[in-house]
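So the protein sequences, as listed, match chains A and B.
Residue numbers for the first sequence follow the working numbering, so the first one is 1 and each next one is one higher.
Residue numbers for the second sequence follow the working numbering, so the first one is 1 and each next one is one higher.
Built from N, CA and C at the ideal position, the CB exists for glycine as well.
2 protein chains.
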Amino acid sequence: MEFRHLRYFVQVAEDLHFARAAARLGISQPPLSQQIRQLEDELGVRLLDRTSRRVTLTYAGGMFLDAARRTLAEADKAATVARRAASGELGELRVGFNASAPFIPQVAAAIHAYRLRYPDVQLALSEVAGPAQVTAILADALDVGFLRSAAAPALPPELTATRILRERLVVATRPDHPLAGRAGLRLADAAAHPLVVYASDRSGGFTEELFALMRASGAEPRIAQTVREVSTLLGLVAAGVGITVVAESLCALQSAGLVYTSLADDSAVSAMWLVHAAASPPAAANFVAIVTEVAG
Amino acid sequence: MEFRHLRYFVQVAEDLHFARAAARLGISQPPLSQQIRQLEDELGVRLLDRTSRRVTLTYAGGMFLDAARRTLAEADKAATVARRAASGELGELRVGFNASAPFIPQVAAAIHAYRLRYPDVQLALSEVAGPAQVTAILADALDVGFLRSAAAPALPPELTATRILRERLVVATRPDHPLAGRAGLRLADAAAHPLVVYASDRSGGFTEELFALMRASGAEPRIAQTVREVSTLLGLVAAGVGITVVAESLCALQSAGLVYTSLADDSAVSAMWLVHAAASPPAAANFVAIVTEVAG
DNA sequence: CCGATCGATACGTACAGCCTATCGATCATG
DNA sequence: CATGATCGATAGGCTGTACGTATCGATCGG
Chain A
1 MEFRHLRYFV QVAEDLHFAR AAARLGISQP PLSQQIRQLE DELGVRLLDR TSRRVTLTYA
61 GGMFLDAARR TLAEADKAAT VARRAASGEL GELRVGFNAS APFIPQVAAA IHAYRLRYPD
121 VQLALSEVAG PAQVTAILAD ALDVGFLRSA AAPALPPELT ATRILRERLV VATRPDHPLA
181 GRAGLRLADA AAHPLVVYAS DRSGGFTEEL FALMRASGAE PRIAQTVREV STLLGLVAAG
241 VGITVVAESL CALQSAGLVY TSLADDSAVS AMWLVHAAAS PPAAANFVAI VTEVAG
Chain B
1 MEFRHLRYFV QVAEDLHFAR AAARLGISQP PLSQQIRQLE DELGVRLLDR TSRRVTLTYA
61 GGMFLDAARR TLAEADKAAT VARRAASGEL GELRVGFNAS APFIPQVAAA IHAYRLRYPD
121 VQLALSEVAG PAQVTAILAD ALDVGFLRSA AAPALPPELT ATRILRERLV VATRPDHPLA
181 GRAGLRLADA AAHPLVVYAS DRSGGFTEEL FALMRASGAE PRIAQTVREV STLLGLVAAG
241 VGITVVAESL CALQSAGLVY TSLADDSAVS AMWLVHAAAS PPAAANFVAI VTEVAG
């Protein structure tokens, strides 16, 4: 049985007239009769009762007509699915992001724009620490990932990173802290006070990068407390446990016990990167395109 | 796109190896490569990434694989549906029956046996008066019908009637009625008493046949009351409104106010017939076969 | 009774799908 | 690093089959 048989049969069943059906199908009548007969022989079932004057569906023919239509529709759907999947309009996209990514307006805007443009792509968002994202993408557990890194992250050749945002670092303190609001504040000043920082396994390298910057400015940082979440970090700063240094976009999180003070150092910058496989699935490539367009 | 393409693609996707897939498909490797390529060209989508060492599904290929499997399954189902419908194992069967048919054990047994043997046939049972059944079958609103008639019913040539039961008539009266239990009771005796009978439009000809029998026995029947249902008929007899004559199988309906007395006349018989179109749908033919086997 | 209609049959043809043979690329191995 | 094995792609020839034209046989209306 081939699709030809189904297409021909459906047309004959609709017209109940071999010559007309053949004309619609763009063939002549004899081969149409042959193909219908061939289909009946293969099924071992008479689908049409035909005299030289009238063609009617048998009971089995009526049942088969429905099933044949369903089969043709399913085949159509298969072709459409393939094309849409290839163009990235259909499927699933697994996006990883670190703790600070959601607070970046450009990232949120890009995700929103992507959802509007590709509504049939199932977005699977998951919070993953920076380095773990790279591993996850390599293991095909993730398609793309947002991670923070001052410089371009070192990646295996099959992965690509695009910088989507470059931002300054700020110091977060209690309002009554001596550093609060001080103009021309420098990293070395901040390093003189005990710090609340992310635990290394959660920071995705941010803490290490921060410490490296401080040491480069000639000060040795001291850890007051390590935490695992943004809310804890800022909560403990507001409680006076210590101060911390975060990316400027985190200023979106305001609180009565918190003030953010700019750092004057040229080196006090950080960046968000979008990491993806060089051979990305179509949906991922579209996502990268939208993110670089909106946020880049 | 033809089924060939789907079958070939599914096999390659399962083996991820052209030569092995070709062997399983019973063809050689080159035409398999050609057909896959043809499929990809038609869809405009690359379904497989292939180097000379490794074959992998693209994302679109994976989505298409599912859809292709569904399409092939749908086609299989279409063939099965046609065959099962042709053999009468699938579909709908519309059975008409008159008021007395359900009380006949053979009819009930036949319907039960049919349900067991053909569980996937949707049985649509409907109560239809005898002559209306013939009209309904001719109008293709009914497939088969049970009706009561002393002699073979007059039918157009495209319909066939099979007698499935021949039974004697009995008189139904109150227990204190003078005819109750009288040995050798004859139709002429019964005709001497006022009768409760079905209204003509509901009786399906039974009342007319009964009156003809009574007149043939030399008596003129008198109507005490006409009714539209079996329960009303027997209820009014039990209430003493009159007596009635019914088929023996109705004795199954017992009541405190009712007794049945046999009629001695040779002519006091009735029969149930199964009517069906000569060109019945398969399910109807099977039904007729089972009924004649069980009840005939 | 005759012509029109319509599906089936007969038969020739062109193309497509399959075959075998071979190539080119990649990878494992000594 | 050279060599052989593996595997998909390509080339070219052959055959089956789906389609075309011509015609037949049956049925129905006028």
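*When Cβ atoms are compared, which residues of the segment 272 to 287 of chain A fall closer than 7 Å to chain B?*
Pro281 and Pro282
*Just curious, the beta strand (DSSP E) that threonine 135 of chain A is in, first and last residue?*
Unbroken run through threonine 135 of chain A is the alpha helix (DSSP H), 130 to 138; no beta strand (DSSP E).
_So if DSSP puts leucine 165 of chain B in a beta bridge, which residue, or which two residues, is it bridged to?_
B/Met272
*Check glutamine 254 of chain B in the structure and name its three-state DSSP category.*
coil
_So, does the segment 88 to 105 of chain A touch the segment 119 to 135 of chain A, judging by three or more C-beta pairs under 8 Å?_
yes
*From B/Ser87, B/Arg7 and B/Leu116, pick the residue whose C-alpha is nearest to that of glycine 61 of chain A; which is it?*
B/Ser87
_Could you compute how far the alpha carbon of glycine 205 of chain B sits from the alpha carbon of arginine 117 of chain B?_
33 Å
*With DSSP run on the structure shown, which of helix, strand or coil describes tyrosine 118 of chain A?*
coil
*Leaving out five residues before and five after alanine 67 of chain A in sequence, what residues of the same chain have Cβ atoms less than 6 Å from its Cβ?*
none
*asked:* Using CA atoms only, rank isn't needed, just tell me which of B/Leu65, B/Leu43 and B/Val171 is closest to aspartate 15 of chain B.
replied: B/Leu65
*Could you say which of B/Gly181, B/Ala224, B/Arg163 and B/Glu209 lies nearest to alanine 192 of chain B if we only look at CA atoms?*
B/Ala224
*From leucine 250 of chain B to isoleucine 104 of chain B, what distance separates their C-alpha atoms?*
8 Å
*When DSSP builds the beta bridges, which residues end up paired with glutamate 127 of chain B?*
B/Phe97
_Residues that glutamine 225 of chain B bridges to, as DSSP identifies them_ = B/Val196
*asked:* Alpha carbons only, please: which of A/Met272, A/Phe211 and A/Gly181 is nearest the one belonging to serine 262 of chain A?
replied: A/Gly181
*By how many angstroms is the C-alpha of methionine 1 of chain A removed from the C-alpha of arginine 163 of chain B?*
44 Å
*What separation, rounded to the nearest whole angstrom, lies between the Cα atoms of alanine 300 of chain A and proline 153 of chain A?*
What the structure shows of chain A is the stretch from 1 to 296, and residue 300 of chain A is not part of that stretch, so it cannot be assessed.
_The alpha helix (DSSP H) enclosing glycine 241 of chain A, as first and last residue numbers_ = Reading off the sequence, residue 241 of chain A comes out as valine, not glycine. It is not in any alpha helix (DSSP H) - valine 241 of chain A carries neither H nor E in the DSSP assignment.
*asked:* At the level of alpha carbons, what is the spacing between arginine 115 of chain A and aspartate 140 of chain A?
replied: 22 Å
*Please list the residues of the segment 57 to 86 of chain A that have a C-beta atom closer than 7 Å to any C-beta atom in chain B, keeping them in chain order.*
Tyr59, Ala60, Met63, Phe64, Ala67, Ala68, Arg70, Thr71, Glu74, Ala75, Lys77, Ala78, Ala79, Val81, Ala82, Arg83, Ala85 and Ala86
*asked:* Would serine 28 of chain B and alanine 22 of chain B be called neighbours here (beta carbons separated by less than 8 Å)?
replied: yes
_Just to confirm before moving on: does the CB-CB distance between valine 269 of chain B and leucine 185 of chain B stay below 8 Å?_
no
*Where DSSP assigns a beta bridge to leucine 328 of chain A, which residues make up the other side?*
Residue coverage of chain A in this structure runs from 1 to 296, which leaves residue 328 of chain A outside it and unanswerable.
*In chain B, which residues lie with their C-beta within 8 Å of the C-beta of valine 12 of chain A?*
Within 8 Å Cβ-Cβ: nothing; valine 12 of chain A doesn't reach chain B, min ~15 Å.
*Between the Cα of arginine 222 of chain A and the Cα atoms of A/Leu233, A/Asp266 and A/Ile243, which residue gives the shortest distance?*
A/Ile243
_Under 8 Å between C-beta atoms of phenylalanine 3 of chain B and phenylalanine 3 of chain A_ = yes
*Kindly indicate the opening and closing residues of the alpha helix (DSSP H) around serine 33 of chain B.*
29 to 43
_8 Å contact criterion, which leucine 43 of chain A and alanine 82 of chain B should meet: CB distance rounded_ = 5 Å
*chain B partners of leucine 47 of chain A, CB-CB under 8 Å?*
Ala82
*If you count every other CB in all the chains shown that lies within 10 Å of the CB of arginine 174 of chain B, and 16 or more means buried, which is it?*
buried
*Inspect the beta-carbon positions of valine 196 of chain A and leucine 236 of chain A and report whether they are closer than 8 Å.*
yes
_Proximal chain B residues relative to glycine 44 of chain A, where beta-carbon distance stays under 9 Å_ = Ala82, Arg83 and Ala86
_Please list, in chain order, the chain A residues whose beta carbon lies closer than 8 Å to that of leucine 90 of chain B._
Met63
*leucine 210 of chain A, enclosing beta strand (DSSP E) - first and last residue*: Careful: leucine 210 of chain A lies outside any beta strand (DSSP E), inside the alpha helix (DSSP H) at 206 to 216.
*What is the DSSP secondary structure of serine 231 of chain B, reduced to helix, strand or coil?*
helix
*Just the C-alpha distance for tryptophan 312 of chain A and valine 288 of chain A, rounded to the nearest angstrom, thanks.*
The structure shown has nothing for residue 312 of chain A, since chain A only spans 1 to 296.
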